[in-house]
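In my numbering, the protein residues as written are 15 to 123.
Here it is, written out as structure tokens:
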């Protein structure tokens, strides 16, 4: 599969807006998202999905189970299932959900 993010429409998500590549019914392995983080992103978690974030642009922080860690361009984060998380700041990230993104596995307390 090949994805051109310039051709993918952004959809709302707890973090802001996401452009989701490879999100097809026949793909359960992994997807890739370019996410523009909004200032009031919501803390959420996933029961099955692991996420790998890579900060493309900007600065801010990420909250992982209540602990705050600084973020800037070039930083990568590995988020295991069950970890409550949210990114905060003016950020654009690359997100790789494994297995493929499933909207039913997005939980907000």
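Glycine is no exception: its CB is placed at the ideal position from the N, C-alpha and C atoms.
Keep in mind the model is a prediction, meaning the values are calculated, not measured.
Sheet register partners of residue i (DSSP bridge)
i: residue 109; result: 47, 67
i: residue 35; result: 46
i: residue 27; result: 30
i: residue 115; result: DSSP lists no partner for residue 115.
i: residue 19; result: Paired residues: none, contrary to the question.
Sequence-distant residues of its chain with Cβ nearer than 8 Å to residue i (five each side left out)
i: residue 44; result: 36, 110, 111, 112, 113, 114
Chain-order list of residues whose beta-carbon lies under 6 Å from that of residue i (same chain, five-residue window excluded)
i: residue 86; result: 73
Contact set for residue i: own chain, Cβ-Cβ below 7 Å, skip 5 residues either direction
i: residue 79; result: 97, 98
Assumed close pair residue i, residue j - CB separation to whole angstroms, cut-off 8 Å
i: residue 123; j: residue 63; result: In fact, because the Cβ distance is near 17 Å, the residues do not count as touching under 8 Å.
i: residue 25; j: residue 32; result: 6 Å
If you pair each beta-carbon of the stretch 58–67 with each one of the stretch 91–98, do three or more pairs fall below 8 Å?
-> yes
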